[in-house]
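Residue numbers (our numbering): 93 to 553. For each residue, glycine too, the CB sits at the ideal point set by N, CA and C. Below is one structure, written out as structure tokens; the observations come after it.
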Amino acid sequence: MAPKSIDHTMDQLDRDLLEAIVDNPYECPIIIDTKGIIRFISHYSKELIGVDPVTAIGRHVKEVIKETNLHEVVETGRAKIGETLFIGGRLQIISRIPLRNREGKIIGAVGKAMLHHESKVMEIQRRLDVLHNKLKYYRDEIKSLKGPRVFIGQSDLIQRAKKLAFQVSGSDFPVLITGESGTGKETIAYYIHRNSKRADGPFIRVNCAAIPPELIESELFGFEGGAFTGARAQGKPGKFELANNGTILLDEIGDMSLPMQAKLLRVLQEQELEHIGGTTTIKLDYRLIVSTNKNLQEMMKKETFRDDLYYRISSFHIHAPSLRNIREDIPVIARYLMSILNQEVGSSPTDISDEAMEMLKKYQWPGNVRELKNVLERGLIMARGEKLKPEHLPGRITGFEMKADGFVRPHGSLRETLTDMERQIIWDTLRSVGGKRIKAAKILGIHRSSLYEKIKQYNVL
């Protein structure tokens with residue numbers, strides 16, 4: 093039996109079925125001829141795009157819908173699929189398709205909606221913006237991609253730290269990472285671990301400053317059940333055991349007490365330990381990395397840090413630069429942080445205005461990358477769907493800018509401005525005395541306990 097022609101098939105279609113296909117509330121099609129005159133428009137158009145179909149027929153499409161470029165499809169012969177158009181008081185995703193006869197000659201064009209629920213359109217747009225921002229970041233970083241974890245930035249200081257970290261990752265030498273709080277010392281440590289032969293092993297971080305002095309020994313070396321008052325019955329392995337065949341990072345080692353330094357030195361020298369309350373010797377196999385925001389050499393002079401421990405842990409030294417010393421990297425770091433935060437916050441801006449970016453680049457950043465992340469978190473919540481602008485940044489960043497002849501007049505409230513100035517003064521004073529808090533307190537004319545509270549309050553160090 094010969095196949096039926098398309099003409100015969102079309103003849104068999106019910107007229108109501110054809111009308112249902114062409115005129116439906118989901119696509120709301122508009123058909124124009126080669127002169128741009130509307131020849132058909134869905135009777136749902138009044139509800140969906142605010143156009144009366146009765147008065148629209150016979151008029152030029154641009155006269156009826158000012159925002160449309162449907163007539164251009166007739167001229168170019170090229171379809172436009174998935175473009176956004178603000179029409180009928182809401183954002184819609186539409187397609188514009190040229191219509192041809194059997195000879196291939198253009199006889200008109202049809203425009204129809206693909207998605208007209210604004211909430212869905214906005215969600216798709218947000219996801220696209222997030223992807224665009226990520227792509228922008230990846231394009232900036234792809235040239236320096238050298239492993240599972242990368243350094244963010246192209247400045248000489250960042251590239252030097254990256255080079256040193258990559259070089260030392262091939263060995264098991266102890267590494268000392270120095271730098272102010274919030275500069276990413278842990279990121280450098282993890283980069284070394286991920287590029288080492290121990291990459292498949294554990295990476296254990298211990299914040300020495302956060303553990304009470306009476307508990308740090310049991311945290312590091314473990315204990316047997318009932319070894320001391322409050323110890324749990326089954327005992328507990330220490331962090332060094334957990335890091336076996338991997339890497340252990342002792343963060344803020346400069347805060348460790350002298351008695352604890354002596355115990356640590358013994359474990360490092362002998363590569364073995366005993367649990368508190370235990371008698372069994374446990375052999376260890378780990379890579380040691382330590383970090384600090386303090387000047388250990390100054391501490392050695394004051395005899396608050398052991399010389400022998402310093403030489404044991406500092407075979408290889410890497411310095412994490414402060415954010416104010418790598419200002420050229422602030423844009424790419426900020427965009428990277430935004431791409432991460434966008435996943436946590438949800439609906440939020442995906443880019444930063446040029447004016448806001450300039451303010452971020454000029455700010456002193458005493459809290460470094462950690463403070464930048466905090467500022468962006470606040471900004472993303474405040475902006476909610478807009479591009480991040482100066483009004484979404486805190487007063488300490490937008491209120492004034494450091495100039496050769498002083499400060500520009502503040503824009504924030506008096507309380508906010510005074511807080512920002514106090515923070516800046518404390519920061520500048522500490523820098524001028526090399527971080528010596530007692531000396532800074534004397535210069536500022538306040539008790540050192542008050543200075544310690546303000547340092548903690550403002551996250552200055």
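Figure out for me which residue from Asn434, Arg427, Gln456 has the closest Cα to the Cα of Asp446.
Comparing Cα-Cα distances from Asp446 to each of Asn434, Arg427, Gln456, the minimum goes to Arg427.
By Cβ distance, which residues of its chain are closer than 7 angstroms to Thr126, with the 5 residues on each side in sequence left out?
Answer for Thr126: Val166, Ile198, Ile199, Gly200, listed in chain order.
Report the CB separation of Asp400 from Gly245 in whole angstroms; it is logged as a contact under 8 angstroms.
Between Gly245 and Asp400 the Cβ distance is about 36 angstroms, and since that is not below 8 angstroms, they are no contact.
Out of Gly276, Ile284, Leu376, Leu183, which has the shortest C-alpha to C-alpha gap to Ala257?
Nearest option by C-alpha distance: Ile284.
Over the uninterrupted alpha helix (DSSP H) stretch that includes Pro309, give me the two end residues.
According to the sequence as given, residue 309 is Glu; it is not Pro. Taken as a continuous stretch (DSSP letters only), the alpha helix (DSSP H) holding Glu309 covers 308-313.
Is Glu366 helix, strand or coil when you go by DSSP?
Note: Glu366 maps to strand in three-state DSSP.
Identify whether Pro145 lies in helix, strand or coil by the three-state DSSP scheme.
Correct three-state label for Pro145: helix.
For the alpha helix (DSSP H) containing Phe163, list its first residue and its last residue.
In the sequence as presented, Phe is not what sits at residue 163; that position holds His. Segment 162-168, the alpha helix (DSSP H) holding His163.
Between the Cα of Ser334 and those of Gly293, Cys300, Ile368, Glu362, spot the shortest distance and give me the residue it belongs to.
The identity of residue 334 in the sequence shown is Leu, whereas the question assumes Ser. Minimum Cα distance to Leu334 is reached at Gly293.
Which class does Met513 belong to by DSSP, given the choice of helix, strand or coil?
If DSSP states are grouped into helix, strand and coil, Met513 belongs with the helices.
Check each candidate in Ile186, Ile425, Tyr136, Gln353 and name the one with the smallest Cα separation from Ala171.
Of the candidates Ile186, Ile425, Tyr136, Gln353, the one whose C-alpha sits nearest the C-alpha of Ala171 is Ile186.
Could you tell me how far apart the beta carbons of Met342 and Gln363 are, in whole angstroms, since I believe they sit closer than 8 angstroms?
Rather than Met, the amino acid found at residue 342 in this sequence is Leu. Not quite, the Cβ-Cβ distance comes to about 15 angstroms (not below 8 angstroms), so this is no contact.
For Lys386, which residues in the same chain have their Cβ closer than 6 angstroms to its Cβ, ignoring the five residues on either side in sequence?
Once the five neighbours on either side are set aside, the close Cβ partners of Lys386 are Gly346.
Within 10 angstroms of its Cβ, does Asn624 collect 16 or more other Cβ (buried), or is it exposed?
Limits of the chain in this structure are 93 at one end and 553 at the other, which puts residue 624 out of reach.
Can you tell me the Cβ-Cβ gap for Phe313 and Val260, rounded? I've got them flagged as a contact below 8 angstroms.
About 26 angstroms separates the two Cβ atoms, so there is no contact after all.
Tell me which residue opens and which closes the alpha helix (DSSP H) that Lys255 is part of.
Where Lys255 is concerned, the enclosing alpha helix (DSSP H) stretches over 248-261.
Please name the residue in Met430, Ser134, Gln516, Glu119 whose C-alpha comes closest to that of Gln456.
Of the listed residues, the one whose Cα sits closest to Gln456 is Gln516.
With a Cβ-Cβ cutoff of 8 angstroms, do Gly274 and Glu316 count as a contact?
Cβ distance not < 8 angstroms, so Gly274 and Glu316 don't count as in contact.
Per DSSP, which residues does Gly338 bridge with? Please list them.
Gly338 is bridged to Tyr378.
For Val153 and Ile129, what's the separation of their Cα atoms in angstroms?
C-alpha separation (whole angstroms): 6 angstroms.
Using three-state DSSP, classify Ser431 as helix, strand or coil.
Looking at Ser431 - three-state DSSP - the assignment turns out to be helix.
Could you check which residue in His163, Ile303, Tyr544, Ala281 has the C-alpha nearest to that of Phe411?
Rather than Phe, the amino acid found at residue 411 in this sequence is His. Measuring from the Cα of His411, the nearest candidate turns out to be Ala281.
Taking the C-alpha atoms as reference points, what is the distance between Arg529 and Leu522?
Using only the alpha carbons, I get a separation of about 7 angstroms.
Can you check whether the CB of Leu480 is closer than 8 angstroms to the CB of Gly471?
Contact: yes.
Between which two residues does the alpha helix (DSSP H) carrying Thr490 extend?
Thr490 -> alpha helix (DSSP H) spans 487-490.
Counting C-beta neighbours from all protein chains within 10 Å, is the total for Asn434 16 or more, i.e. buried, or is it exposed?
Under this definition Asn434 is a buried residue.
Can the beta-carbon of Pro423 be found closer than 8 angstroms to that of Met449?
Cβ distance < 8 angstroms, so Pro423 and Met449 count as in contact.
State yes or no: is the C-beta of Ile149 within less than 8 angstroms of the C-beta of Ile179?
No.
Beta-carbon separation of Glu272 and Ser406 under 8 angstroms?
Cβ distance not < 8 angstroms, so Glu272 and Ser406 don't count as in contact.
Decide if Thr384 is buried, meaning its Cβ has at least 16 other Cβ atoms within 10 Å, or exposed.
Per the 10 Å Cβ criterion, buried.
Closer than 8 angstroms by C-beta to Glu366: which residues in its own chain qualify, once you throw out the five before and the five after it? Chain order, please.
Around Glu366: Phe313, Thr372, Thr373, Ile374.
Rounded C-beta distance between Ser137 and Val143? I'm assuming under 8 angstroms.
Ser137 to Val143, Cβ: 5 angstroms. Contact.
Tell me whether Thr490 is buried or exposed, calling it buried when 16 or more other Cβ atoms sit within 10 Å of its Cβ.
Counting Cβ neighbours within 10 Å, Thr490 comes out buried, since at least 16 surround it.
Quick one: residues in its chain with C-beta nearer than 7 angstroms to the C-beta of Val114, no 5 flanking neighbours on either side, listed in chain order?
Taken in chain order, the residues that qualify are Pro121.
Near Lys534, what residues of its chain come up, given a Cβ to Cβ distance below 6 angstroms and the 5 sequence neighbours on each side ignored?
Taken in chain order, the list of residues that qualify is empty.
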